[in-house]
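Reviewing the structure listed below.
There are 2 protein chains.
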Amino acid sequence: MVRIKQAVQMDHSPYLVPTGQPVDLRAWTTDDDGGLDKRAAKDRTDDLNDRIEALQELLFAEGRHKVLVIIQATDTGGKDGTIRHVFDKVNPQGVKVASFKKPTEEELGHDYLWRVHRHAPKSGEITIFNRSHYEDVLVVRVHDLVPPEQWERRYEHINAFERLLTDEGTTIVKLFLHISKDEQRERLQDRLDEADKNWKFDSGDLRERAHWDQYQEAFRVMLERTSTVHAPWYVIPADRKWFRNLLVSEIIAATLEQLDMAFPPAEEGIRDLVIE
Amino acid sequence: MVRIKQAVQMDHSPYLVPTGQPVDLRAWTTDDDGGLDKRAAKDRTDDLNDRIEALQELLFAEGRHKVLVIIQATDTGGKDGTIRHVFDKVNPQGVKVASFKKPTEEELGHDYLWRVHRHAPKSGEITIFNRSHYEDVLVVRVHDLVPPEQWERRYEHINAFERLLTDEGTTIVKLFLHISKDEQRERLQDRLDEADKNWKFDSGDLRERAHWDQYQEAFRVMLERTSTVHAPWYVIPADRKWFRNLLVSEIIAATLEQLDMAFPPAEEGIRDLVIE
Chain A
160 MVRIKQAVQM DHSPYLVPTG QPVDLRAWTT DDDGGLDKRA AKDRTDDLND
210 RIEALQELLF AEGRHKVLVI IQATDTGGKD GTIRHVFDKV NPQGVKVASF
260 KKPTEEELGH DYLWRVHRHA PKSGEITIFN RSHYEDVLVV RVHDLVPPEQ
310 WERRYEHINA FERLLTDEGT TIVKLFLHIS KDEQRERLQD RLDEADKNWK
360 FDSGDLRERA HWDQYQEAFR VMLERTSTVH APWYVIPADR KWFRNLLVSE
410 IIAATLEQLD MAFPPAEEGI RDLVIE
Chain B
160 MVRIKQAVQM DHSPYLVPTG QPVDLRAWTT DDDGGLDKRA AKDRTDDLND
210 RIEALQELLF AEGRHKVLVI IQATDTGGKD GTIRHVFDKV NPQGVKVASF
260 KKPTEEELGH DYLWRVHRHA PKSGEITIFN RSHYEDVLVV RVHDLVPPEQ
310 WERRYEHINA FERLLTDEGT TIVKLFLHIS KDEQRERLQD RLDEADKNWK
360 FDSGDLRERA HWDQYQEAFR VMLERTSTVH APWYVIPADR KWFRNLLVSE
410 IIAATLEQLD MAFPPAEEGI RDLVIE
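Printed below as a string of structure tokens:
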């Protein structure tokens with residue numbers, strides 16, 4: 160049996176949101192550097208991504224576990240960049256990204272978990288949700304898209320849904336990319352000033368920025384009510400992109416290693432075979 | 160506004176499984192006739208099916224409600240016949256039947272509610288589940304297809320899933336077609352004896368009949384643990400097909416009438432238009 164040795168070094172517990180306790184989002188730093196410098200962090204991330212690649216191949220070969228990574232962030236928080244930098248080496252056959260944008264008419268005709276559930280990973284797969292069902296207690300809440308008594312019930316639905324997935328063999332990791340309001344201003348300004356970032360600028364982002372405090376409150380309640388033992392949230396300090404990438408790579412690698420996987424046993428007699 | 164008047168006559172409460180109370184399936188009759196004779200019942204069913212047709216058209220036009228009808232039964236209990244006789248007049252554009260057979264490899268790779276959730280009705284639709292997620296606490300339980308600690312958790316998942324659907328605008332009706340062991344023997348014998356029923360006979364049915372008591376126990380626990388206020392079970396006495404059809408038509412018609420629907424208002428000024 161081939162096993163891959165432990166390789167994670169960092170203690171992630173400071174970034175884990177404890178279950179059932181009040182959350183004060185202002186107490187969570189956005190500009191942590193883990194005491195590392197950028198060059199060392201980048202090298203380390205690169206090594207970790209090799210390990211993620213190897214572990215993902217094992218997960219696919221074994222075909223037993225399902226892994227779901229849910230990423231939420233403030234606008235410009237770096238969801239796309241995180242996915243690009245952490246999963247840059249994996250085999251796309253076993254890793255899927257599901258991006259949830261404004262729901263279609265067909266999607267709105269169903270309950271809000273309908274479009275999400277169909278993209279849940281199957282055995283041997285890693286699925287990354289770029290935004291997710293949490294939008295239904297974030298943008299929906301901030302913009303009053305449904306009455307409060309309706310979104311209020313959703314925290315319980317979501318916990319039950321994630322409980323179903325984990326009870327039936329899915330490992331769930333939830334990542335909230337946390338940036339400061341100043342950092343968002345700089346990133347939006349860059350999108351205006353730098354020609355190769357202009358395509359990213361959307362004037363809607365400015366309208367959303369005006370709701371900063373309401374979004375922070377919606378994120379706070381999300382973390383407080385849906386960080387469960389079976390599907391915990393991590394708050395990722397994301398002002399420094401290189402630290403964000405390192406920490407997410409650490410958490411993903413550690414999660415895969417904890418699955419304690421092994422390649423399926425070789426077919427009997429295979430060692431005596433010679434291909435002619 | 161066009162409204163359709165009340166037309167349901169029977170009291171369905173004796174067939175409703177109360178929430179949170181012990182269930183003794185032997186106390187539920189299989190050969191009720193409601194004090195009616197067959198001819199009168201068939202005429203009445205025919206009238207009700209006209210009403211179901213009209214109400215379904217209204218549901219589709221209004222596009223506001225979703226309706227899910229879940230049908231479970233002992234083998235030969237009459238699921239197919241019920242669907243054929245109750246929904247024979249509706250417009251298939253707004254009424255879908257989802258039949259859940261032995262899961263495919265793709266379906267087994269996901270949690271057991273994955274294949275079911277994707278067929279949940281959308282606004283304006285009626286969906287009928289011919290078998291359902293309840294198989295995952297019936298055949299799966301009787302044949303030990305997963306360990307007890309795994310199916311044990313599923314009653315809670317199922318209640319939470321159905322709660323999600325109802326909270327988000329779906330009306331759920333669950334029908335258990337209840338026949339006696341003698342009636343099953345006669346129906347299986349007919350499938351052997353009558354040339355035009357031979358195609359229905361499957362020797363697997365005899366193997367399942369040998370598990371009669373285990374299935375009755377699994378049905379009993381299902382009714383006891385998943386008849387909720389938001390998604391109640393009805394036990395339909397199904398030895399007499401004509402009574403089964405009448406009672407199901409009554410319940411479906413009553414359920415649709417309780418939605419208190421109305422056709423959408425006409426576009427303003429439409430009454431003055433003359434088509435030239």
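Protein chains in written order, with the numbering used here: chain A, 160 to 435; chain B, 160 to 435.
All C-beta atoms, glycine included, are put in the ideal place defined by N, C-alpha and C.
Determine the chain B residues that contact A/Y271 at a beta-carbon separation under 7 Å, and present them in chain order. E327
Does A/K260 come out as helix, strand or coil in the three-state DSSP assignment? coil
So if I threshold CB-CB distances at 9 Å, which residues from the stretch 269–295 of chain B count as touching chain A? H269, D270, Y271, L272, W273, H276, R277, A279, P280, K281, S282, G283, E284
What ranges does the alpha helix (DSSP H) occupy inside the stretch 319–366 of chain B, keeping only unbroken runs of at least 4 residues that lie completely in it? 340–352
Three-state secondary structure assigned by DSSP to A/Q168: coil
Mark A/P396 as exposed unless 16 or more other C-beta atoms lie within 10 angstroms of its C-beta, in which case mark it buried. buried
For B/V256 versus B/N289, is the C-beta spacing smaller than 9 Å? yes
How close, in whole Å, do the beta carbons of A/A232 and A/F335 come, if the pair is a contact with beta carbons under 8 Å? 7 Å
Residues of the stretch 202–229 of chain B with a CB closer than 7 Å to any CB of chain E: list them in chain order, please. You won't find chain E in this structure, because its protein chains are A and B.
DSSP beta-bridge partners of B/A232: B/L336
Does the beta-carbon distance from A/N357 to A/V245 come in below 9 Å? no
Given A/I411 as reference, the closest of A/R322, A/W401, A/V433, A/Q215 once Cα atoms are compared: A/Q215
Is there at least one Cβ from chain A nearer than 9 Å to B/L175's Cβ? no
For chain A, is any of its Cβ atoms less than 9 Å away from the one on B/H316? yes
Does the separation of the CB atoms of A/T188 and A/L227 fall below 9 Å? no
Does B/L175 come out as helix, strand or coil in the three-state DSSP assignment? strand
Below-9 Å beta-carbon distance, B/Q348 vs any chain A residue: no
Alpha carbon to alpha carbon, how far is A/V161 from A/F422? In this prediction, A/V161 scores a pLDDT of 38, lower than 50, which makes its location untrustworthy; no coordinate-derived value is stated.
When you compare the CB of B/Q165 with every CB in chain A, is at least one pair closer than 9 Å? Because B/Q165 sits at a pLDDT of 45, beneath the cut-off of 50, its placement in the model cannot be relied upon, and the following sentence gives the value as read from the coordinates. Output row for B/Q165: interface = no.
Contact criterion: CB-CB distance below 9 Å. Does B/Q309 meet it with respect to chain A? yes
Would you say A/H276 and A/F320 are within 9 Å of each other, going by their C-beta atoms? yes
Neighbour flag for A/A257 against chain B, beta carbons, 9 Å: no
Does any CB atom of chain B fall closer than 9 Å to the CB of A/L155? Lying outside 160 to 435, the shown extent of chain A, residue 155 of chain A is not represented and no answer is given.
Mind checking if B/V161 is an interface residue toward chain A, Cβ cutoff 9 Å exclusive? Any answer about B/V161 is weak, because its pLDDT of 38 lies below 50 and its placement is not dependable; what the coordinates show is given next. Cβ-Cβ to chain A under 9 Å: no for B/V161.
DSSP beta-bridge partners of A/P307: According to DSSP, A/P307 bridges with nothing at all.
Could you tell me whether the stretch 301–318 of chain B touches the stretch 196–213 of chain B, where touching means 3 or more Cβ pairs closer than 8 Å? no
Could you pull the DSSP bridge partners for A/L227 from this structure? A/T286, A/I331
If you count every other CB in all the chains shown that lies within 10 Å of the CB of B/G179, and 16 or more means buried, which is it? exposed
Can you give the Cα-Cα distance for B/R350 and B/G237, rounded to whole angstroms? 13 Å
Under 9 Å between C-beta atoms, does B/R322 make it to chain A? yes
What did DSSP end up calling B/A421 once you bin it into helix, strand or coil? coil
In terms of residues, what are the limits of the alpha helix (DSSP H) holding B/Y293? It is not in any alpha helix (DSSP H) - B/Y293 carries neither H nor E in the DSSP assignment.
Residues of chain B with a CB under 8 Å from the CB of A/R312: which are they? D326
Just the chain A side, please: which residues come within less than 9 Å of B/E265 by C-beta, in chain order? K281
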